[in-house]
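Protein chains in written order, with the numbering used here: chain P, 655 to 1049; chain L, 655 to 1049; chain E, 671 to 1047; chain H, 671 to 1047.
Since the structure comes first, as structure tokens, the remarks are kept for the end.
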Amino acid sequence: MNVQDSQLSAFRAEAREWLDKNFPKSLAHRGDEYFDIAPRYPEGEDWAAWRKAMCSKGWGTPTWPTEYGGGGLTRQQTLILRDELEKIGGFIPLTGIAVSMFGPTLLEYGTAEQKQRHIPPICRGETIWCQGYSEPGAGSDLASLKTRAEDIGDNFLVNGQKIWTSGSMHAHWCFCLVRTDTSHKHEGISFLLIDMKSPGVEVRPITLISGKQSFAEVFFTDVKVPKENLVGGLREGWTIAKRLMQFEREGIGARRMTVGELRPLDEVAREYIGTDAEGRIADLDLRARIVRHQMWERAHRLTVARVADEAKTGPSEATSVLKNAASHALQTRGEMLTEIMGFQGIGWDGDDYTQTEKDSMKQMLQNKAHSIYGGTYEVQANIISKRILGMLDHQ
Amino acid sequence: MNVQDSQLSAFRAEAREWLDKNFPKSLAHRGDEYFDIAPRYPEGEDWAAWRKAMCSKGWGTPTWPTEYGGGGLTRQQTLILRDELEKIGGFIPLTGIAVSMFGPTLLEYGTAEQKQRHIPPICRGETIWCQGYSEPGAGSDLASLKTRAEDIGDNFLVNGQKIWTSGSMHAHWCFCLVRTDTSHKHEGISFLLIDMKSPGVEVRPITLISGKQSFAEVFFTDVKVPKENLVGGLREGWTIAKRLMQFEREGIGARRMTVGELRPLDEVAREYIGTDAEGRIADLDLRARIVRHQMWERAHRLTVARVADEAKTGPSEATSVLKNAASHALQTRGEMLTEIMGFQGIGWDGDDYTQTEKDSMKQMLQNKAHSIYGGTYEVQANIISKRILGMLDHQ
Amino acid sequence: MAVLTEEQTMLRDGAQDWVTDRAPVSAFRKLRDSGAGTMDPALWKEIAEMGWAGIVVPEEHGGSDFGLTGMGLVLEEMGKQLVASPLFISGLVAATAFRQMGSAAQQGEWLPRIADGSAIVTLAVDEGNRHDTARTALTAEASGSGYVLNGTKTMVIDGMDADAMLVLARTSGAPGHSAGLTLLIVPTDAAGIERHGLATVDRRGHAKVTFSGVQVGPDAVLGEVGGAHAPLEKVLDVARVGLAAEMLGMCQQAFDTTLAYLKTRVQFNTILAQFQALQHRMADLFMEMQLVRSAVEHAVREIDAGGDGAEEAAILAKAMASDFANKMTRQMIQLHGGIGMTDQYDAGFYIKRSRLLEMTFGNAAQHCERWARMRGY
Amino acid sequence: MAVLTEEQTMLRDGAQDWVTDRAPVSAFRKLRDSGAGTMDPALWKEIAEMGWAGIVVPEEHGGSDFGLTGMGLVLEEMGKQLVASPLFISGLVAATAFRQMGSAAQQGEWLPRIADGSAIVTLAVDEGNRHDTARTALTAEASGSGYVLNGTKTMVIDGMDADAMLVLARTSGAPGHSAGLTLLIVPTDAAGIERHGLATVDRRGHAKVTFSGVQVGPDAVLGEVGGAHAPLEKVLDVARVGLAAEMLGMCQQAFDTTLAYLKTRVQFNTILAQFQALQHRMADLFMEMQLVRSAVEHAVREIDAGGDGAEEAAILAKAMASDFANKMTRQMIQLHGGIGMTDQYDAGFYIKRSRLLEMTFGNAAQHCERWARMRGY
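Okay, here's the thing in structure tokens:
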């Protein structure tokens, strides 16, 4: 055992002991509830205590620098922390785009003042951020955005409309792509931080096919934004946005199917469909598909781990691969769960269905967004073929 | 029952009686042998007698006009004839591209002299034709062909190289696309009939991965072709070629998996893999896939029949659909047969494998060409999306 | 599309016009948003007036006897716009059950009322998580000269709007046995019946029905006591093909809507329809849809021909239509992108309705299993 | 690609250089065309001299004890160029069998000779159409202090070149039972053995071997009499992961070759790589290949770790690599078009070799079945 290994062992022992003392047993395997309703946090003493404990230690954002309230852990240490969490059904009590996308980006591109102002509240789980990227009519072609920010001296004057801004109903701040120059497409974009309490900001929730309202439209009408809220230089917004999207894809692709462990499909199938004399799931066609799906899911998880292992330095190019493979896994699982639950799997409301059953249908529908947001499946395939495989432009 | 129906009933009775008298029982369900070695015909008295009987009646080419030796049957009558043939394990003893592609095209575009000279021998099964279309380097982009035909008075002087000319080793004649004008791509092409015995024609067989030599390269070196062998006008070759390719796709897509009935995969699986206590194929994953495959194959056959039914007049646009669906069916079957036969399915030579076993491997490999020749799967998808669905050019 | 007779063409065109005009998907949206109910009685009245409820009913009982060939055309058109009506369950399924299993008296009593739309009759067969008639546990015990019914049925189609139900009950044997099943006609207002609507994802009128000592007379039995399984399976095969026709229409519409969207939506300065990857995906979907259409049209013919081929054809049609409807509705959303995910767009209605139809009267996997068993493997 | 240690990197690079330089696929073509044999003894000598035959052999027996982690890297490189050599069956499988099941004496006798390449040892387990050790019918009857073997084995890898075979024989029970199986080491020149080469599609050295009263001593038995099934399955799992590594290499090469072809071939005035439909197909293949790579590299690690995860990991690797190799080799031909169909191009070699490896020691479907049973469904 070399020096590094023994240090890691020591860290593992320390982490285990600390978690044992601090993780409320009542929350074991309840990460999904948490995840599901992010970015709002569940109420209750244990939830608050756990968040407070983890955030004080900086482990809500384990890899971020300690000077801004992060944990300062290495990638290896972080893996160990996650491993120990998983063993006890634990989870990191911070989630959402501030932690997974905006924070890392601001740490790279922000000024010292901007970091000092915005990062520590994120580490403490206090501020909720939303992303002002997509616009109606732009779709996958993000850079065709039209929301304008006009220079009016000390402030920018922002006018326009954003869509698909997740969590904007509860957000304190919005990081926003705005057009400061109409003569260039990509080079005319800037990256602005907007206080959601500013006059002229209006939020209208969007109802999805799953019934959820996790996204909204945001309207900006003559909103004044101080110039100190510009991240990077004028017209450097697209560069920052691309970096942030890389974090986003990584997050979407790399994240486990949920924070906790999902119930294996075969177990659900045995319950809902039953087994034959030899103990096999009675629907043999389904049984064969469950196997293939579980294999895919397992290989996807292994790939997430491999990519994390390989990408010791900087962002990995594999994020598009991970995202598309995850879409496939998630959506197949959703469809199969509906199929398995049969007449109990197509409920929408009422007491005839358990909460789990109703959730499974809604989740199946909601999952369809996984291959649309953060760059569609098709956009990812473009990225893979062009950037990784070097197949040039198709036009 | 209306007049038309009663006429068709009468035709059915007549056909049945005639077939009963003329079809040699010894050939029942042996259509595949025939098909397999086309365009050469199997030897033996019964084979010759059957060909002679059918060709004399014009039923080798049932829909062609009687004046050129065809059967003059309507589409409905032809379907009845095929139906009655199938009932007794019979088959039409003419096959190959002269019957399925070249003949119909010449009937549309040829002069009276050309038809009188070339069609009757085809109806009698006497001449074998090959297709001089593809060239090395052209691939799917057929119109980029380079073989030149120079006007030298009474003749054209042909120089160039063709590839993938199936059956050219045995062919008497070749219908050939040649370039008579280099200043236009599509409009510079003409359609020429070339006697394969002409001086300067050389044929070199191509060995395929299946070990078969059904294709060859054909080299033309200063070959003189009389001008009366030009079909259509100068530079009208591409129009004729496209019409012929439509017949080709129709033929490839519409043809049954073979002339006779193939052995059902489930039967092969029961033999090679065995069954469980409930009589199910012991390999349950395979069993599920066999079902899906059989359903696809069945639906494909029904589609062939439906398209024939719908396309009362003129060629159908559905040929690309039929061809791609057939590629899928054929190739899936080939792969599954190899899988089912297991260690007996991967033999190449020797007495350790039955002929059927060895053929199955070679067929699996040979089938891979189905989605390549006659317009690749991708070219068909282009045709479907652009011509049928109107999705415009992708560039 | 199959070659149609003049009469069939008129029927199809009439259905197309009526659906487009009177019952487009926006009408269903209004119905859903209003929360008023799961079918629109006014539309049902129009449907009945046009004679569609009697399409498979013999002329002597007031129908037009056009068979499934005719009904399939109407259901396909209704499927396109997701029309919510009891035409399928009453006009096709119940009518077929009476034709094939009912006595002359029962036919005389029910078929005219089904044909003119004055009675809505549904089928109550399912009990567990998935369709499986043999597992029927609801009992019908002999009592006096009639029977007493006890048990619960679920997924009773248009059950809240029905006037009567054809109830599959066990008169002998144990759940799992196909012998001992009996089909009985029971009015929904009989004493001891409790119904409540299920809030299913497609927001149609499925009901759960509880039978507590429901008394019926001896004339309630359709066909042989204890021998309902085989004849009912034939009725269900007709129902499955009807569902397949509805799903085919749904798929055709989902495809057409998606194609139209791709032809107008611009991304990266290019109309989406110009992207070759999307062209090829649409080409593959179109190809598969052709196979499904062939399977459905074939099944319709085989059912009407009444021969041995009907069972296989019904299996094929239901399995392929279910699989393809699943795929097509997924692609409808994917190819629409974000807008397809919103409730204000119709794509969600298609995927939700599809998931339900896929499993109604047996899903693709169950029919694949039937296919294998029918062929002895 | 997994993060490698310095030693592993050197091994992988060495293998890559040697394969490219000495044994590219053109070397295999020459071997096949010559009809001289199914392996090149000169190449085998070089392989042995580089120490690769001893990679999984303990140092005390002349090996380097690099484990499957090391051997997997070499097999992957060899898979890329379809190198025909007994490295897999002798250097990995037989060596592992001796390590895991052999006595100290047997290890001392065989492992040094396997490691230095002077002995080629193979495994004779298969008898029927498909891999299934429990179905073993070849008998080993006690005779004197030893055994007499009667029966036939097929698909014996490199059987014509082997000096000895590890033969799975039935000492009790009936075919179908996993109890009663015994593994014995038998020299190929023993009296009563007849071998002949099978002309398989990949043109490698598979043999059929007939045993007619072959006499062996009591020291021929590896491990327990009648108890070979479980320990042999562990050896076979190592073999399966080795095959998966070879298939991964084959797939990687098939992918790279196809990608390079698409980047140079022009159609309709456009380089094929510029067609979006082909870009997306390659993107999907690349994605799936990443999953396969993860499964294979994970299995290699689990095998070397020797824990409980090895079985599941081996199943996953063999099933996924088999399925993907099938798909990738099909696409290799399709995307090459006509040239891919010709024998003069190498694509045919890849698809042929793939079909054989897919079913060696159990195909994807069989491993899917194992997966389900292992999880109790």
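Glycine included, C-beta positions come from ideal geometry on N, C-alpha and C.
The structure presented is a predicted model; accordingly, all values stated were derived computationally and were not measured.
#1: Helix, strand or coil for Leu940/L per DSSP?
#2: Between the C-alpha atoms of Phe945/E and Ala931/P, what's the straight-line distance to the nearest angstrom?
#3: Taking contact to mean 3 or more Cβ pairs, one atom from each stretch, closer than 8 Å, check whether the segment 931-951 of chain H and the segment 756-773 of chain H are in contact.
#4: At a Cβ cut of 8 Å, what residues of the segment 923-941 of chain P count as close to chain H, listed as they run along the chain?
#5: Out of Gln960/H, Ala890/H, Pro888/H, point me to the one whose CA is closest to Trp950/P's CA.
#6: For a test of the three-state rule: what should DSSP assign to Ser788/H, helix, strand or coil?
#7: What in chain L is Cβ-close to Thr824/H, meaning under 7 Å?
#8: Please list the residues of the segment 935-951 of chain H that have a C-beta atom closer than 9 Å to any C-beta atom in chain E, keeping them in chain order.
#9: I'd like to know whether the C-beta of Val673/E is nearer than 9 Å to at least one C-beta of chain P.
#10: Verify the CB distance criterion: does Lys933/E have a CB-CB separation below 9 Å to chain L?
#11: Since Trp827/L and Leu761/L are thought to touch, with beta carbons under 8 Å apart, how far apart are those beta carbons, to the nearest angstrom?
#12: What ranges does the alpha helix (DSSP H) occupy inside the segment 943-1006 of chain L, keeping only unbroken runs of at least 4 residues that lie completely in it?
#13: Thr708/E to Glu676/E, Cα distance in whole Å?
#14: Of all the beta strand (DSSP E) runs that stay within the bounds of the segment 811-843 of chain E, which reach a length of 3 or more residues?
#15: Is the segment 850-861 of chain L in contact with the segment 680-687 of chain E, if contact means three or more CB pairs nearer than 8 Å?
#16: Short of 7 Å in beta carbon distance, which residues of its chain neighbour Gly821/E, apart from the five on each side in sequence? Order them along the chain.
#17: For Gly977/H, which residues in chain P fall below 9 Å Cβ to Cβ?
#18: Do we get a CB-CB distance below 9 Å when we pair Asn1036/P with the residues of chain H?
#19: Which word fits Leu1046/L, buried or exposed, when buried means at least 16 other C-beta atoms lie within 10 angstroms of its C-beta?
#20: Using DSSP bridges, identify the partner residues of Pro859/P.
#21: Less than 9 Å between CB atoms is the rule here; does Met755/P satisfy it with respect to chain H?
#22: How would you call Thr858/E, buried or exposed, if buried means at least 16 neighbouring beta carbons within 10 angstroms?
#23: From Gly757/P to Glu1028/H, what distance separates their C-alpha atoms?
#24: Does any residue of chain H bring its CB to less than 9 Å from the CB of Lys1040/P?
#25: Mind listing, in chain order, the continuous alpha helix (DSSP H) runs of no fewer than 4 residues lying wholly within the segment 982-1008 of chain E?
#26: Using the beta-carbon count (16 or more within 10 Å), is Val657/P buried or exposed?
#27: Would you identify the three-state DSSP class for Gln937/E, choosing helix, strand or coil?
#28: Where does the unbroken beta strand (DSSP E) through Ala947/H begin, and where does it stop?
#29: When the distance is taken between beta carbons, is Leu762/E closer than 9 Å to Met748/E?
#30: Rounded to the nearest angstrom, what separates Met911/L and Ile746/L at their Cα positions?
#31: Closest Cβ-Cβ distance between Val945/P and chain L: below 9 Å?
#32: For Ser663/P and chain H, any beta-carbon pair shorter than 9 Å?
#33: Of the residues Ser680/P, Asp700/P, Pro774/P, Ala1023/P, which one's Cα is nearest the Cα of Ser864/P?
#34: With 9 Å as the threshold, decide whether the Cβ of Met823/P is near any Cβ in chain E.
#35: Please state if the CB of Cys784/L and the CB of Ser822/L are separated by a distance shorter than 9 Å.
#36: Can you tell me the Cα-Cα spacing of Arg682/E and Asp926/E, whole angstroms?
A quick look at the data gives this:
#1: helix
#2: 51 Å
#3: no
#4: Ala923, Arg924, Thr929, Gly933, Arg934, Ile935, Arg941
#5: Gln960/H
#6: coil
#7: Phe997
#8: Phe945, Gln946, Ala947, Leu948, Gln949, His950, Arg951
#9: no
#10: yes
#11: The pair is not a contact, with the Cβ atoms about 16 Å apart (cut-off 8 Å).
#12: 973-995
#13: 34 Å
#14: 816-826, 834-840
#15: no
#16: Ala807, Leu808, Thr809, Phe881
#17: Simply none; closest approach about 15 Å.
#18: yes
#19: exposed
#20: Ala870/P
#21: no
#22: buried
#23: 47 Å
#24: yes
#25: none
#26: exposed
#27: strand
#28: From DSSP, Ala947/H is part of no beta strand (DSSP E) but of the alpha helix (DSSP H) over 946-975.
#29: no
#30: Any reading at Met911/L is ruled out, since the residue's pLDDT is 38, under 50, leaving its predicted position unreliable.
#31: yes
#32: no
#33: Ala1023/P
#34: no
#35: yes
#36: 18 Å
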